[in-house]
Each structure stands twice: as C-alpha cells, then as structure tokens.
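*Asks:* In the working numbering, the protein residues as written are 4 to 269. Take a look at this one; I'll ask things after.
Right under this line is the structure:
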C-alpha cells in the first residue's frame with residue numbers, strides 16, 4: 004500500500020474502512036501526494052494499478068475496480084483490473100455497446116447504479132452483471148482531452164454500496180487517473196517524435212551521401228517521396244533506412260538528382 008493511502012486510512016483498521024473513518028480534510032492532501040508520487044519514474048500501467056487498488060482500498064463496499072478506455076466507437080480496453088471481474092464486464096459492455104462504464108465515458112461524469120436488480124437503463128448488460136454477482140456499480144468519466152474517452156469503474160457485490168462520500172473519493176482518483184493517462188500518452192508521443200527525428204536524420208544522411216546533395220536537398224527528396232506516395236515523411240525515412248545503402252538506394256547520375264518515388268506500401 005502506498006504511503007499516501009496508508010496515511011488516509013485509520014491505523015486500527017485494515018481495509019473495509021467506512022467512509023466516515025476517512026479524514027475528509029486529507030482528500031486535498033491525497034491529490035497533492037498522488038501528483039508528487041507520480042513524478043518518480045514509473046510506467047503508466049503501474050500508476051493505473053495504484054489508482055484502481057486505491058479505489059478498492061479507499062471506497063467502502065468496493066470489491067473490484069478497473070479503468071476502461073474507448074477509442075473511436077469500437078475499441079474497448081480494460082486497464083489495471085484488480086480482479087478478472089471488471090475486465091469481464093467491460094467485454095460485455097463492448098459487445099452490447101451499453102452499460103454504466105460506457106455512459107460515464109461517453110455521456111456524463113458519474114454514472115451510478117445502487118441496485119442492479121431493479122436497473123432499467125441497460126437491458127442487455129444488467130443481467131450479465133447480476134450473473135457475475137455484481138449488484139451495484141459506479142463509474143467516473145476520465146477527461147483526457149483526446150479522441151480516447153475512459154472511465155474508472157468500481158464494482159460491489161452488495162446493493163447500495165456507494166454513498167455520496169464514496170463518489171467524492173472516486174472523483175479524486177478519477178482525476179488522477181486522467182492526469183496519468185494524459186501524461187503517459189504525451190510521453191509516448193514525445194518518444195515517438197524523437198524516433199521519427201532520428202530516422203529522418205539517418206535517411207537524410209544516406210541520401211546526401213548517395214546523391215551528393217546538401218541537407219536541405221535531401222529533406223526535399225523525402226518530402227517529394229512522401230507527397231508522391233501519399234506516405235508520411237517519417238515512414239518514408241524508415242523505409243529508406245530499412246533498405247540501407249545497398250540495392251535500396253541504387254546509384255543515380257548527377258548531383259541533386261531526385262530518385263524515383265517508392266511504390267506505396269513498400
């Protein structure tokens with residue numbers, strides 16, 4: 004259990020603490036501690052695992068949790084499930100295109116069902132959830148400011164498991180999950196940009212040597228190949244580097260000669 008979580012829970016209780024046992028004044032401290040703890044080097048999955056485990060440990064009545072992301076209309080992915088159950092129910096929601104996690108991720112901030120035995124909103128999802136033993140569920144939308152939406156989902160095997168204070172704690176954790184996902188995606192994009200830059204540099208060097216052109220002319224060759232083959236410049240550069248200085252870049256007459264565009268898809 005991370006230090007920030009241990010400080011929030013009563014010292015005399017282990018797990019299952021009631022919401023009233025949580026020091027409400029420490030929720031702001033929780034947010035700051037989470038942010039500071041995630042500045043240390045770690046992978047995104049480890050951070051999301053900490054969030055879902057915190058949801059189970061901090062929210063009374065919670066039996067399991069996960070984070071569901073939805074890219075486009077059909078790509079559903081479960082992250083950091085604390086058991087097999089949340090991931091199983093995510094697959095049910097993906098199959099039917101309905102459920103509390105989908106509603107929270109797409110349409111609203113918090114979607115909550117206190118008693119699935121009388122729930123009417125998700126006629127295909129609800130029977131499957133009940134068969135799995137889930138009786139109440141609360142989902143929190145993750146605002147990641149991208150084409151990918153998501154939700155932090157918390158499940159319970161009892162009805163009326165989550166009250167308003169449980170929702171408050173969940174909102175804090177959802178905010179930090181969104182921050183972690185956004186930061187992780189930006190880091191991935193940054194690394195990808197660095198790789199692309201290196202590939203373009205390598206490809207330019209190979210073109211400069213092979214065709215006796217300057218750096219600007221070599222880059223223009225890449226741009227021309229990109230436009231003619233409708234392929235991103237970074238992908239063209241990757242293809243040139245992969246082909247190497249041998250048969251892939253056969254000799255051409257004269258300085259400044261622009262090689263013929265590579266066929267699309269090569």
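Positions of the beta carbon are idealized from the N, C-alpha and C atoms, including for glycine. All figures in this text were calculated on a predicted structure; none of them were measured in a lab.
(1) In angstroms with no decimal places, state the Cα-to-Cα distance between residue 251 and residue 78.
(2) Using only the alpha-carbon positions, how far apart do residue 244 and residue 207 sit?
(3) Determine whether the beta carbon atoms of residue 103 and residue 142 lie at a separation below 7 Å.
(4) Output needed for residue 48: all residues of its chain with C-beta closer than 8 Å, excluding positions within five of it in sequence on either side, in chain order.
(5) State yes or no: is the C-beta of residue 133 within less than 7 Å of the C-beta of residue 119?
(6) Just verifying my parser: in three-state terms, what is the DSSP assignment at residue 73?
(7) If you drop the 5 nearest sequence neighbours on each side, which residues of the same chain put their C-beta closer than 7 Å to that of residue 153?
(8) Tell me whether the beta-carbon of residue 180 lies closer than 7 Å to the beta-carbon of residue 54.
(9) Could you tell me how far apart the beta carbons of residue 216 and residue 225 are, in whole angstroms, since I believe they sit closer than 8 Å?
(10) With DSSP collapsed to three states, give me the class of residue 182.
(11) According to DSSP, residue 113 sits in a beta bridge with which residue or residues?
(12) Report all residues from its chain with a CB closer than 6 Å to the CB of residue 114; omit the five preceding and five following residues, and keep chain order.
*Replies:* By the coordinates alone:
(1) At residue 251 the pLDDT is 48, less than 50, meaning the model places this residue with poor confidence; the figure from the coordinates comes in the next sentence. Those two C-alpha atoms are separated by around 37 Å.
(2) 9 Å
(3) yes
(4) 82 and 83
(5) yes
(6) strand
(7) 70, 71, 72, 73, 108, 145, 147 and 184
(8) yes
(9) Actually they do not touch by this definition, with Cβ atoms about 11 Å apart.
(10) helix
(11) 143
(12) 103, 106, 107 and 142
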